[in-house]
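Inspection log for the structure reproduced underneath, given as structure tokens.
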Amino acid sequence: MLEKGFTNPTDRVVRLKNTILRAQPYVESERAVLATQAYRENEQLPAIMRRAKVVEKIFNELPVTIRPDELIVGAVTINPRSTEICPEFSFDWVEKEFETMATRIADPFVIEKKTAQELHEAFKYWPGKTTSELAASYMSAETHAAMNNGVFTVGNYFFGGVGHVCVDYGKILKKGFSGVIDEVKQALANLDRTQPDYIKKEQFYHAVIISYQAAIKFAHRYADEAARLAQLEANPHRKDELAQIAQNCRRVPEQGATTFWEACQAFWFVQSMLQIESSGHSISPGRFDQYMYPYLAADTDIDPIFAQELVDCCWIKLNDINKTRDEVSAQAFAGYAVFQNLIVGGQTEEGLDATNRLTYMCMEATAHVRLPQPSFSIRVWQGTPDEFLFRACELVRLGLGVPAMYNDEVIIPALQNRGVSLHDARDYCIIGCVEPQAPHRTEGWHDAAFFNVAKVLEITLHGGRVGNKQLGPVTAEMTKYTNIEDFFAAFKTQMAYFVHKLVEACNSVDIAHGERCPLPFLSAMVDDCIGRGKSLQEGGAIYNFTGPQAFGIADSGDSVYAMQKQVFDDKKLSLAELKTALDANFDYQGQPQTTSRMSLGEDEINALVQRIVEQNGALEPAAIKEEVYRQLSETNVTPASSGRMSRNEEIRHILENTPCFGNDIDAVDYVARRCALVYCQEVEKYTNPRGGRFQAGIYPVSANVLFGKDVAALPDGRLAKQPLADGVSPRQGKDILGPTAAANSVAKLDHFIASNGTLYNQKFLPSALAGEKGLRHFSGLVRSYFDKKGMHVQFNVIDRDLLLDAQQHPEEHQDLVVRVAGYSAQFIVLAKEVQDDIISRTEQTF
Numbered sequence: 001m002l003e004k005g006f007t008n009p010t011d012r013v014v015r016l017k018n019t020i021l022r023a024q025p026y027v028e029s030e031r032a033v034l035a036t037q038a039y040r041e042n043e044q045l046p047a048i049m050r051r052a053k054v055v056e057k058i059f060n061e062l063p064v065t066i067r068p069d070e071l072i073v074g075a076v077t078i079n080p081r082s083t084e085i086c087p088e089f090s091f092d093w094v095e096k097e098f099e100t101m102a103t104r105i106a107d108p109f110v111i112e113k114k115t116a117q118e119l120h121e122a123f124k125y126w127p128g129k130t131t132s133e134l135a136a137s138y139m140s141a142e143t144h145a146a147m148n149n150g151v152f153t154v155g156n157y158f159f160g161g162v163g164h165v166c167v168d169y170g171k172i173l174k175k176g177f178s179g180v181i182d183e184v185k186q187a188l189a190n191l192d193r194t195q196p197d198y199i200k201k202e203q204f205y206h207a208v209i210i211s212y213q214a215a216i217k218f219a220h221r222y223a224d225e226a227a228r229l230a231q232l233e234a235n236p237h238r239k240d241e242l243a244q245i246a247q248n249c250r251r252v253p254e255q256g257a258t259t260f261w262e263a264c265q266a267f268w269f270v271q272s273m274l275q276i277e278s279s280g281h282s283i284s285p286g287r288f289d290q291y292m293y294p295y296l297a298a299d300t301d302i303d304p305i306f307a308q309e310l311v312d313c314c315w316i317k318l319n320d321i322n323k324t325r326d327e328v329s330a331q332a333f334a335g336y337a338v339f340q341n342l343i344v345g346g347q348t349e350e351g352l353d354a355t356n357r358l359t360y361m362c363m364e365a366t367a368h369v370r371l372p373q374p375s376f377s378i379r380v381w382q383g384t385p386d387e388f389l390f391r392a393c394e395l396v397r398l399g400l401g402v403p404a405m406y407n408d409e410v411i412i413p414a415l416q417n418r419g420v421s422l423h424d425a426r427d428y429c430i431i432g433c434v435e436p437q438a439p440h441r442t443e444g445w446h447d448a449a450f451f452n453v454a455k456v457l458e459i460t461l462h463g464g465r466v467g468n469k470q471l472g473p474v475t476a477e478m479t480k481y482t483n484i485e486d487f488f489a490a491f492k493t494q495m496a497y498f499v500h501k502l503v504e505a506c507n508s509v510d511i512a513h514g515e516r517c518p519l520p521f522l523s524a525m526v527d528d529c530i531g532r533g534k535s536l537q538e539g540g541a542i543y544n545f546t547g548p549q550a551f552g553i554a555d556s557g558d559s560v561y562a563m564q565k566q567v568f569d570d571k572k573l574s575l576a577e578l579k580t581a582l583d584a585n586f587d588y589q590g591q592p593q594t595t596s597r598m599s600l601g602e603d604e605i606n607a608l609v610q611r612i613v614e615q616n617g618a619l620e621p622a623a624i625k626e627e628v629y630r631q632l633s634e635t636n637v638t639p640a641s642s643g644r645m646s647r648n649e650e651i652r653h654i655l656e657n658t659p660c661f662g663n664d665i666d667a668v669d670y671v672a673r674r675c676a677l678v679y680c681q682e683v684e685k686y687t688n689p690r691g692g693r694f695q696a697g698i699y700p701v702s703a704n705v706l707f708g709k710d711v712a713a714l715p716d717g718r719l720a721k722q723p724l725a726d727g728v729s730p731r732q733g734k735d736i737l738g739p740t741a742a743a744n745s746v747a748k749l750d751h752f753i754a755s756n757g758t759l760y761n762q763k764f765l766p767s768a769l770a771g772e773k774g775l776r777h778f779s780g781l782v783r784s785y786f787d788k789k790g791m792h793v794q795f796n797v798i799d800r801d802l803l804l805d806a807q808q809h810p811e812e813h814q815d816l817v818v819r820v821a822g823y824s825a826q827f828i829v830l831a832k833e834v835q836d837d838i839i840s841r842t843e844q845t846f
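Below, the structure written as structure tokens:
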């Protein structure tokens with residue numbers, strides 16, 4: 001049932017959606033075989049020209065596929081929702097998973113025997129030639145040791161293409177690929193042959209021309225195929241559609257678009273061709289409602305229902321893109337995530353409201369399609385119309401986990417602080433999960449690494465060791481701390497060491513991509529690669545960043561506060577006792593059960609506060625909140641075993657009842673803020689090989705589950721190997737004083753310094769948002785959180801029982817989409833441990 005006000009999708013859209021839902025993802029071999037042939041045939045050429053020849057061969061020979069019912073055509077793979085392999089980045093992990101990829105716990109793909117054999121033959125060429133191997137050779141043994149022990153990983157770009165970019169779609173809609181070729185030819189003609197970089201620039205320009213000429217031919221091949229199918233089609237209506245599709249593909253993207261249908265087709269060709277050039281994910285469409293709207297407004301003859309259907313078809317096509325990763329990385333990106341972030345609303349480059357008719361059509365398309373892609377987002381600022389925010393909240397109530405919401409009042413100044421102009425910062429979009437950038441002007445290297453702050457905390461507590469191995473610098477043993485500042489001194493020392501290793505790893509991968517896999521097709525759509533005569537991977541963008549992201553912030557804050565309160569302030573336990581309990585994992589035996597705790601509503605909290613005041617007299621607000629939390633925790637926290645508890649179990653019980661981040665208690669929240677700042681301030685000290693700087697983010701994808709397995713028991717009572725908190729969200733089940741208190745805690749973090757993005761998840765009971773009253777409470781929560789300078793928030797609106805039923809009967813819940821982290825995914829395709837993590841999040845209510 002759609003929310004009141006949303007229309008029903010057309011029958012065509014339903015059929016296309018069902019094709020995606022029912023598709024079995026396959027690994028295909030065509031791209032890998034063609035790329036390998038092109039590399040073999042052009043070994044004498046410089047890297048940029050070899051890449052152009054790779055793109056040329058793929059665009060000329062990749063199979064052309066038009067699926068039934070499609071209005072927008074162009075496919076990366078023969079089978080829907082399948083994936084190609086890019087061996088130039090890495091390949092050996094694929095071969096190791098030929099027999100297991102179809103049965104692994106996260107994101108399985110079928111590899112047919114014929115495909116495996118074709119890939120095996122292609123892979124024989126690649127040992128010693130990949131970006132992955134080159135990057136690994138640049139890294140020190142200490143850096144490899146840090147990665148192997150769960151401190152961080154650079155697996156995203158280590159094994160695949162970079163991606164994480166928004167190109168100039170508007171430029172292609174206006175000028176077409178022929179316009180890009182003309183621009184490059186002019187730049188080539190203007191080159192000064194006496195300059196020492198002339199040769200490299202000349203090679204880059206020739207590579208762009210080759211790539212774009214091949215891309216035009218690729219579109220024309222689709223025009224030919226559509227015309228062929230039209231000749232064979234018996235249905236007159238479909239015959240006319242195919243004839244028009246052929247005409248569209250003959251014009252765009254070679255030339256500029258003249259109709260909204262042509263604009264949609266040109267957009268999709270750009271999106272799919274970028275995926276074909278490299279295996280980078282998070283190729284994000286950005287501000288779709290801004291660059292596409294002029295074509296809708298000018299197309300006065302288009303039927304509104306058909307215009308909406310075209311947008312819906314673009315949404316369907318975005319779900320046709322898929323990507324396979326190695327088994328470990330697949331768990332970190334669980335849910336076949338490709339992170340194509342599309343954002344609407346906000347303000348113009350001149351600081352005016354940017355909402356238009358297409359903005360609302362994008363919301364409608366999201367309601368119609370109900371699939372994970374695009375990662376649909378909105379921008380909110382003080383000038384956002386109430387109608388727009390209410391409509392977005394109505395969309396949230398559908399339970400799809402979208403739209404994610406972003407705060408202009410934080411992101412614009414945060415980008416300016418990194419050197420982005422006001423004009424460009426106002427035009428920001430979101431890349432991948434939650435990463436802000438100035439579109440088509442930035443090589444952000446977002447999602448450059450996952451950094452496990454909680455693991456660094458664990459290492460700090462053990463004097464720099466993991467087990468008996470000295471992994472970091474030697475610092476004081478936790479039993480020697482005389483106050484909490486002793487811990488922070490050691491923590492900063494360990495953080496400085498491991499962030500340095502993180503930077504070394506990121507820069508090693510960065511250099512490898514620049515040397516072996518520059519991308520001419522992508523680069524020509526990002527400013528100012530043509531003007532500078534160099535690829536994106538070599539520093540051609542106006543803005544260059546590297547953005548590693550952290551997780552485990554709440555776990556670290558809660559752990560440090562628990563030590564401070566229970567050891568140093570209240571003296572309920574000693575550091576020696578705490579160390580013994582941690583080393584014994586609190587004597588816990590067995591596997592924790594998935595639980596979900598519900599927050600109190602505002603009326604219930606007010607009543608509890610009134611009783612506490614009556615019983616205790618006048619108290620400071622902070623003391624009242626701590627007492628509320630204590631009483632609720634005593635009620636909800638169950639001892640680890642029945643009967644008499646051991647001392648280690650008693651210690652865990654004490655720690656579990658310590659106030660936690662997420663309840664608007666300053667004493668706790670500012671400890672979490674401090675832990676986050678230790679990481680962020682260390683990261684921003686560094687620069688990258690492209691002349692840009694590092695900037696920190698705090699978001700996990702779903703790595704908080706995977707990398708939680710690498711973290712031992714912590715002083716907040718968390719058991720070893722259990723999931724960590726996701727992003728800047730409180731620990732699962734710990735934010736029990738209501739959604740406003742939780743949001744207030746998150747807003748206290750310094751979102752301005754975490755300019756690579758922060759991620760905050762909330763989960764609501766559907767009943768909490770029901771009706772006009774629920775909608776107004778909900779939109780008010782968003783406004784309040786953003787007024788207090790939170791950067792981002794997103795919501796799951798779903799009942800725990802429904803999720804449990806979907807675990808038991810997945811065949812009945814194929815279209816159940818949930819928010820995982822910076823992306824949504826079909827719930828039933830997630831690994832069970834990720835499903836359990838979502839189930840365990842606090843169910844908020846008003």
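According to the UniProt record's numbering, the residues represented by the sequence shown are 1 to 846, in order. No residue lacks a Cβ here, since even glycine has one placed at the ideal position from N, Cα and C.
Inter-residue Cα distance where the pair is residue i and residue j
i: GLU350; j: VAL167; result: 21 Å
i: PRO639; j: ASP664; result: Annotation note: pLDDT 47 at PRO639 (below 50); position unreliable, coordinate value reported separately. Rounded to whole angstroms, PRO639 to ASP664 spans 26 Å at the Cα level.
i: SER840; j: LYS832; result: 12 Å
i: PHE260; j: HIS220; result: 19 Å
i: GLY697; j: PRO236; result: 53 Å
i: LYS171; j: ASN341; result: 19 Å
i: ARG673; j: VAL728; result: 10 Å
i: ALA703; j: ASN148; result: 15 Å
i: GLN247; j: THR10; result: 24 Å
i: HIS423; j: TYR543; result: 14 Å
i: TYR406; j: ALA122; result: 44 Å
i: ILE798; j: VAL817; result: 10 Å
i: VAL151; j: PRO294; result: 48 Å
i: VAL637; j: GLN275; result: The predicted model places VAL637 with a pLDDT of 48, which falls under 50 and marks its position as unreliable; any figure quoted below should be read in that light. So the alpha carbons of these two residues sit roughly 48 Å apart.
i: GLN681; j: VAL270; result: 37 Å
CB-CB length for residue i against residue j, believed under 8 Å
i: VAL27; j: ILE85; result: 6 Å
i: VAL344; j: THR359; result: 5 Å
i: ALA512; j: TYR125; result: The Cβ separation is near 18 Å, so there is no contact.
i: THR176; j: GLY256; result: Just to set this straight, residue 176 is Gly in the shown sequence, not Thr. About 5 Å; that satisfies the 8 Å criterion.
i: ILE530; j: VAL184; result: 6 Å
i: ASN761; j: ASP726; result: 6 Å
i: LEU759; j: HIS792; result: 6 Å
i: ARG532; j: PHE586; result: Rounded, the Cβ-Cβ distance is 57 Å, inconsistent with contact.
i: GLY822; j: TYR699; result: 6 Å
beta-carbon residue i near the ligand GTP non-hydrogen atom, thresh 6 Å
i: HIS120; result: Ligands in the displayed structure: none, and consequently the ligand GTP is not present.
Residues of its chain near residue i, where Cβ-Cβ distance is below 6 Å and the 5 sequence neighbours each way are ignored
i: ILE210; result: ALA52, GLU56
i: GLU61; result: LEU34
i: PRO374; result: LEU318, GLN340, LEU342
i: VAL705; result: PRO723, GLU833, VAL834, ASP837
Cβ neighbours of residue i in the same chain (closer than 7 Å, five flanking residues each side left out)
i: HIS120; result: GLU95
i: LEU21; result: GLN814, ASP815
Cutoff 8 Å; reference residue i; Cβ partners in own chain excluding five residues on either side
i: CYS362; result: PHE288, ASP289, VAL311, LEU342, VAL344, PHE376
i: LEU619; result: ILE612, VAL613, GLU627
i: MET1; result: Summary for MET1: the model assigns pLDDT 35, below 50, so the residue's position carries little reliability; its value from the coordinates is reported in the next sentence. Counting only Cβ-Cβ distances below 8 Å, and skipping sequence neighbours, we find nothing.
i: ASP527; result: ASP168, HIS440, ARG441, ALA541, ILE542
contact_flag[the stretch 492-511, the stretch 672-692] where n(CB pairs < 8 Å) is 3 or more:
yes
Where in the stretch 239-290 do unbroken runs of the alpha helix (DSSP H), each at least 4 residues long, occur, reported from the N-terminal end onward?
Here the runs fully enclosed are 260-277.
Whether or not the stretch 316-330 and the stretch 411-423 are in contact is what I'm after, with contact meaning three or more pairs of Cβ atoms, one per stretch, closer than 8 Å; do they touch?
no
Would you call the stretch 732-750 and the stretch 784-798 in contact, with 3 or more CB pairs under 8 Å?
yes
Which runs of the beta strand (DSSP E) fall wholly inside the stretch 489-571 and span at least 3 residues, in chain order?
You should have 543-551.
Where are the alpha helix (DSSP H) runs, 4 residues long or more, that stay fully inside the stretch 359-407, in chain order?
386-396
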